[in-house]
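Read left to right, the sequence shown gives residues 11 to 189 (this note's numbering).
Built from N, CA and C at the ideal position, the CB exists for glycine as well.
Written below as structure tokens is the structure these notes are about.
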Amino acid sequence: NVLNQWSGDTATSAGGSFSIQGGLNNGNNGAHLNLQVSLANLQNPVLSYAAQRTSTGFNVHQISYSTDGTNFTVFRNDTLTGSGSFGLRTVNFAGVSSLNNASNVVLRITFFGATAATGNNRLDNITITASPTSTQTTSIVTFQVNMQYQTVGVNGVRIAGNFQGWNPSATPMTRSLVD
């Protein structure tokens, strides 16, 4: 689906969507999808996803959150209307201060309202975005690699990524004093 896709994605590059059916005797009413994320140094999370339902699929998504993975607070209930095409769902948690800077956040989507075993919902392009908690623009990141059984050349081990322009010769890794 092209709703809320990331820059560079195409409608065919993203692959399939997550799908849940009503199940035997509609036993999946009340089933949930947990999305666990660290919001350390982040605030004001926003959950976004494209959702589609069949006419007998789940018509309510209950959105909850937790900072311990056990105790959940219901944030809101979203009603899905219509069927057949994807619609964008956006859940802005900006007013929930307990999520800001929390290292163990679980966002939960609980499904209700399926009326047939094969009635379903499809979710695609699930994203969680957040803002930095401060104006800090750099972070300390530690990459660890065990080269114990590898032959290391004279130039050593190097790391490349978009943080330094994907230049494989620009950033050598250094050896820690703790081995």
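Check                                                                                                 : Outcome
Backbone CA spacing between ARG161 and VAL167 [nearest angstrom]                                      : Correcting the residue type first, residue 161 is Thr in the shown sequence and not Arg. Taking the straight line joining both Cα atoms gives about 10 Å.
Sheet register partners of GLN174 (DSSP bridge)                                                       : In the DSSP output, where bridge partners are listed per residue, GLN174 has none listed.
Bridge partners - THR137, DSSP secondary structure assignment                                         : SER58
Boundaries (first-last residue) of the beta strand (DSSP E) holding LEU98                             : 97-102
VAL35: first and last residue of the uninterrupted beta strand (DSSP E) it sits in                    : Val is not the amino acid found at residue 35; the sequence shown has Asn there. Run containing ASN35: none; DSSP gives neither H nor E here.
Contained beta strand (DSSP E) runs [length at least 3] in the stretch 64-125, N- to C-terminal order : 70-76, 83-89, 97-102, 115-122
For PHE29, three-class secondary structure by DSSP                                                    : The sequence given here places Ser at residue 29; Phe does not occur at that position. Looking at SER29 - three-state DSSP - the assignment turns out to be strand.
DSSP three-state assignment for VAL47, whether helix, strand or coil                                  : strand
Cβ-based burial, ALA60 [other Cβ within 10 Å; buried from 16]                                         : buried
Minimum C-alpha distance to LEU52 - residue among THR143, SER107, THR139                              : THR143
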